[in-house]
């Protein structure tokens, strides 16, 4: 989704800021901006073709519930005391969020350690525990409502398509009991929280949905492990990370049967990530390094049965 300059200017006029006050932060579709001011804010632009107002309101309602129950999350701002959803055009609207204090964690820094992994796990465990009691006005989507499950898979390598279908069949047979399946964050890797004075603030709940708790845990493990290129070192790190993460998680939510599916979902996430990038990135605009990354992902999926060389559970 390409955001025209005229749309950005419209937001600035709406909020009474100048062009020099705003800059692009990123987002998967380059739709996230920051307005620098005495009280800085984050602006997310949405297209109704992909995100309905009701979906965004359900995300807002969910994060407000988490905030009210002790989870440190970013929440939206009412503009002019009226609405969280601010219409720009027939298709576009934006939501303004308070900017949380903190920075993205550096995996090469001294704070990337077992203490952080336990905190991270505790935060996720708290979310999962609270989700079992949540009754919102606006419903979050079910996992299989995601657009990735509606796309044509014929353009994929046949082996990847075959693995994808096997994973989906296995997932559909899993229990949806309340102890295993409720609302998850859906993308809680290390780029989706901010760290400040030993405290974590969780951000970007756009992928939150009804899904298996084990998948949320697997996402954190998968993306944290991706940083390490050497396979044996990656496997060693994944075990260390998992142990600390689950130690924290179990302080807030019962682990029970959840962990039995973590290895499965780590492997699924690897295939999911490739399929997502393959279908939703503009391949012709990728640089050489990005193309190499996708090709390496493809080869590991085709030639390996598992992402990690060992089971964590």
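Numbering (the working numbering), first residue to last: 171 to 483. Every residue gets a Cβ at the ideal spot worked out from N, C-alpha and C, and that includes glycine. Predicted, not measured: the structure shown is a model, and the values here were computed from it.
- As a beta-bridge residue in DSSP terms, residue 211 pairs with 205 and 268.
- By the beta-carbon neighbour count (other beta carbons within 10 angstroms, threshold 16), residue 259 is exposed.
- Here the alpha carbon of residue 457 sits roughly 36 Å from the alpha carbon of residue 227.
- Excluding its 5 nearest sequence neighbours in each direction, residue 273 has C-beta neighbours in its own chain below 8 Å: 364, 365 and 366, listed in chain order.
- Note on residue 254: 16 or more other CB atoms within 10 angstroms of its CB, so buried under the neighbour-count rule.
- Using a Cβ distance threshold of 7 Å, residue 292 and residue 426 do not count as a contacting pair.
- Per DSSP, the unbroken beta strand (DSSP E) holding residue 193 starts and ends at 192–196.
- Bounds of the beta strand (DSSP E) holding residue 371 are 369–372.
- Rounded to whole angstroms, the Cβ separation of residue 405 and residue 480 is 5 Å, and the two are in contact under 8 Å.
- Assigned with DSSP and collapsed to three states, residue 229 falls in helix.
- Here residue 188 is exposed, its C-beta having fewer than 16 other C-beta atoms within 10 Å.
- With a 10 Å radius around the Cβ and a threshold of 16 neighbouring Cβ atoms, residue 333 comes out buried.
- Excluding residues up to 5 positions away in sequence, 331 lie with their Cβ nearer than 6 Å to the Cβ of residue 323 in the same chain.
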